[in-house]
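Protein chains: 2
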Amino acid sequence: MKKFLITGFSGFVSRHFCEYLEHNGIRSLIKGIDVHNPDLKREDFKYIEFDFERIDLLDKHRIEDIIFKFQPEYILHLASFSSVAFSWEEPILSFQNNTNIFLNLLEAIRRLNIDTRILSIGSSEEYGNVNEEDLPLTEEHPLRPVSPYAVARVSQELLSKIYSTGYSMDIVMTRSFNHIGPFQKEIFALPSFVKQLVQIKKGLKKDELVTGDITIVRDFTDVRDVVAAYYLLLTEGEKGEVYNVCSGKGWSLKEIIDKICDILEIKVHSKADAGLFRQNENKIVIGSNEKITSRLKWKPKYSIKQSLNDMIHYWETQI
Amino acid sequence: MKKFLITGFSGFVSRHFCEYLEHNGIRSLIKGIDVHNPDLKREDFKYIEFDFERIDLLDKHRIEDIIFKFQPEYILHLASFSSVAFSWEEPILSFQNNTNIFLNLLEAIRRLNIDTRILSIGSSEEYGNVNEEDLPLTEEHPLRPVSPYAVARVSQELLSKIYSTGYSMDIVMTRSFNHIGPFQKEIFALPSFVKQLVQIKKGLKKDELVTGDITIVRDFTDVRDVVAAYYLLLTEGEKGEVYNVCSGKGWSLKEIIDKICDILEIKVHSKADAGLFRQNENKIVIGSNEKITSRLKWKPKYSIKQSLNDMIHYWETQI
Chain S
56 MKKFLITGFS
66 GFVSRHFCEY
76 LEHNGIRSLI
86 KGIDVHNPDL
96 KREDFKYIEF
106 DFERIDLLDK
116 HRIEDIIFKF
126 QPEYILHLAS
136 FSSVAFSWEE
146 PILSFQNNTN
156 IFLNLLEAIR
166 RLNIDTRILS
176 IGSSEEYGNV
186 NEEDLPLTEE
196 HPLRPVSPYA
206 VARVSQELLS
216 KIYSTGYSMD
226 IVMTRSFNHI
236 GPFQKEIFAL
246 PSFVKQLVQI
256 KKGLKKDELV
266 TGDITIVRDF
276 TDVRDVVAAY
286 YLLLTEGEKG
296 EVYNVCSGKG
306 WSLKEIIDKI
316 CDILEIKVHS
326 KADAGLFRQN
336 ENKIVIGSNE
346 KITSRLKWKP
356 KYSIKQSLND
366 MIHYWETQI
Chain H
56 MKKFLITGFS
66 GFVSRHFCEY
76 LEHNGIRSLI
86 KGIDVHNPDL
96 KREDFKYIEF
106 DFERIDLLDK
116 HRIEDIIFKF
126 QPEYILHLAS
136 FSSVAFSWEE
146 PILSFQNNTN
156 IFLNLLEAIR
166 RLNIDTRILS
176 IGSSEEYGNV
186 NEEDLPLTEE
196 HPLRPVSPYA
206 VARVSQELLS
216 KIYSTGYSMD
226 IVMTRSFNHI
236 GPFQKEIFAL
246 PSFVKQLVQI
256 KKGLKKDELV
266 TGDITIVRDF
276 TDVRDVVAAY
286 YLLLTEGEKG
296 EVYNVCSGKG
306 WSLKEIIDKI
316 CDILEIKVHS
326 KADAGLFRQN
336 ENKIVIGSNE
346 KITSRLKWKP
356 KYSIKQSLND
366 MIHYWETQI
């Protein structure tokens, strides 16, 4: 029986992580915490038991109390205000709800002196603007964050390293690139496209897709591959190391839209909304997954087409 | 009449900054804020007028209120929990009182949309452990912080860059190396040595000097040179740029102790206290001041001997 504390338990990555444990028959006891209530049902799971508590990670006394009582073997720290756009509007809230919450978590474990492994989730945004000749980005590439969100993530990673080296805590870090899949909220670009296109297909919307800049290229990984990587990193990753979690392939948003339209057998025209263009936007981001694939035998299993298919099926049931 | 808001107004750098303005006849209106009361006397100053308010920069509403009322032309942000040792004991307090207070200040200015120039004070600690072949450190050297304090300072600098590029705010940054001079508190190594050695000279203490690791080499600049640099950076520094503030010379703590003993004409033996050794200590830190000297015509004027002499005179009046 493995014991996991999962922060950000009500989010879509946590849902897929629980399903990963279930599908692989990994008997687990999970303590989930989040500011929102989850919509998982206990009866849907046979191999995992979970218990949920609604708390704000800024409340460092409560988090210490929960960790002391639960004594987790593993902590999957998914809690984050992960929107770059929001971070430009509310940099303080973004910073507190990325960096400060993580520092509270680290301090709770240090003070309690609990033997636990933490997976600190970072972001490809940490790399910032990059030149095409530097692609695909390896973990050695310098971090030059260009948004408040990205700064918060770099700060989180630097704190992870300090706690790992200076206090000998057991921390593994990721820089996770864009992930996609069923249940992802439509505030992100791809689920927003899929939702709109499914609406168009069903005749619920005129055939015009509202987008931001669709020339940008991103490295998308299916969330089900991402959670498989997180499980491997928690159980077999090397202490103090940082790993890119990515597919190693880049797709422009335009190409993605074309693929969704092909699957749906529709034609639409896109309308760029300047309000959806981001400040300091990175043009092309593609990661190298050489480190995680060679050291941990992880490999993405879902093709982009499979991911989009599954997202379409998901949105078809939601509309 | 120049208008300065000074955070950390009650500290020793602020005192010397005010004296710099006074000695150079720079008519100024100063709003000082700090959590501690200052011990400056208004009647000692002819050219500068100051007003003090006791506030905690974590109180973002009050800082916004003060900035709105005062409408500063320049902000000298000196407030900091600057002890590396303390940051290992209380990483959350260290982080909040370096990074979060700075973010509150930046946000206040952004929200009020006030046209002001900010000097963000950083630290040589941001560079972290360095190899001897990389010395003297230029501003291009990668930042690899090795203490919670250093991470907080790197986070502050990254936020400065984001606010400068993303919100077009007028921010100049420093990485300030060790500074020394009269009025510095004895929690720092050099004033602690000077105080102990003056006590020994006066026969108030047995001739044993308690130290940490005295083989480490640091780049010391007289605080009076440092504040001259800060004034130049505020008035002539280039927006968005970061500047080392340092002497370009390295002295081991052992050499410094010998110099103080020479001036005092005493002989002592040093006793290393393991409790004063720091975790992840950098062995040698020497900066390059080529950027600030070439671009701003700044040059350190005080020799190490002059600084130590003046510190000795100061401590002689205190004991």
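Listed in order, the protein sequences are those of chains S and H.
So the first sequence is numbered by my numbering: it starts at 56 and just counts up by one.
So the second sequence is numbered by my numbering: it starts at 56 and just counts up by one.
The C-beta atom is built at its ideal place from N, Cα and C for all residues, glycine as well.
Exposed unless 16 or more other CB atoms sit within 10 angstroms - verdict on residue i
| i | result |
| --- | --- |
| GLY305(H) | buried |
| ASN153(S) | buried |
| ASP106(H) | exposed |
| HIS71(S) | buried |
| GLY342(H) | buried |
| THR372(S) | exposed |
| ASN159(H) | buried |
| ASN233(S) | buried |
| MET228(H) | buried |
| THR193(S) | exposed |
| MET56(S) | exposed |
| ALA329(S) | exposed |
| PHE275(S) | buried |
| PHE66(H) | It should be noted that the sequence gives Gly, not Phe, for residue 66(H). Result: buried. |
| LEU213(H) | buried |
| GLU345(S) | exposed |
| HIS91(S) | exposed |
| ARG279(S) | buried |
| ARG230(H) | buried |
First through last residue of the alpha helix (DSSP H) which encompasses residue i
| i | result |
| --- | --- |
| HIS78(H) | 67-78 |
| SER362(S) | 359-373 |
Chain H contact for residue i (CB, 7 angstroms cutoff)
| i | result |
| --- | --- |
| ILE217(S) | yes |
| ILE156(S) | no |
| VAL297(S) | no |
| GLU162(S) | yes |
| ILE312(S) | no |
| LEU213(S) | yes |
| VAL206(S) | yes |
| PRO200(S) | yes |
| LEU203(S) | In the sequence as displayed, the identity of residue 203(S) is Pro instead of Leu. Chain H, which has a Cβ nearer than 7 angstroms to the Cβ of PRO203(S), makes this yes. |
Residue i at chain S interface by Cβ criterion, 7 angstroms
| i | result |
| --- | --- |
| PHE150(H) | yes |
| SER178(H) | no |
| SER210(H) | yes |
| ILE147(H) | yes |
| VAL139(H) | no |
| PRO191(H) | no |
| PRO246(H) | no |
Whole-Å CB distance - residue i paired with residue j, under 8 angstroms assumed
| i | j | result |
| --- | --- | --- |
| GLU263(S) | LYS250(S) | Contact flag wrong, Cβ pair sits at about 14 angstroms. |
| LEU363(H) | ILE318(H) | 6 angstroms |
| TYR75(H) | TYR298(H) | No, TYR75(H) and TYR298(H) are not in contact; Cβ-Cβ is about 17 angstroms, not under 8 angstroms. |
| PHE64(H) | PRO93(H) | 6 angstroms |
| TYR102(S) | PHE238(S) | Their Cβ separation, rounded to whole angstroms, is 20 angstroms, which puts TYR102(S) and PHE238(S) out of contact at 8 angstroms. |
| ASP225(H) | THR270(H) | With a Cβ gap of about 42 angstroms, ASP225(H) and THR270(H) do not count as contacting. |
| VAL166(H) | TYR218(H) | First, the amino acid is wrong: residue 166(H) is Arg here, not Val. Rounded, the Cβ-Cβ distance is 12 angstroms, inconsistent with contact. |
| VAL300(S) | ILE347(S) | 7 angstroms |
| ARG208(S) | GLU187(S) | About 23 angstroms; that fails the 8 angstroms criterion. |
| GLU104(H) | LEU84(H) | 5 angstroms |
| SER149(S) | PRO191(S) | So it is not a contact: roughly 27 angstroms between Cβ atoms. |
| SER69(S) | GLY80(S) | Not really, about 19 angstroms apart at Cβ, beyond 8 angstroms. |
Delimiting residues of the beta strand (DSSP E) encompassing residue i
| i | result |
| --- | --- |
| LYS58(S) | 57-62 |
| LYS86(H) | 83-89 |
Near the ligand COA: residue i beta-carbon under 6 angstroms from a heavy atom
| i | result |
| --- | --- |
| LEU160(H) | For the ligand COA, the structure offers nothing, since it holds no ligand at all. |
Can you list the alpha helix (DSSP H) stretches of 4 or more residues lying completely in the stretch 137-224 of chain S, in chain order?
139-144, 146-150, 156-167 and 203-221
Contained alpha helix (DSSP H) runs [length at least 4] in the stretch 253-303 of chain S, N- to C-terminal order
278-291
Uninterrupted alpha helix (DSSP H) stretches inside the stretch 307-346 of chain H (no shorter than 4 residues):
308-319
Which runs of the alpha helix (DSSP H) spanning at least 4 residues fall entirely within the stretch 109-139 of chain H, listed in chain order?
Here the runs fully enclosed are 115-125.
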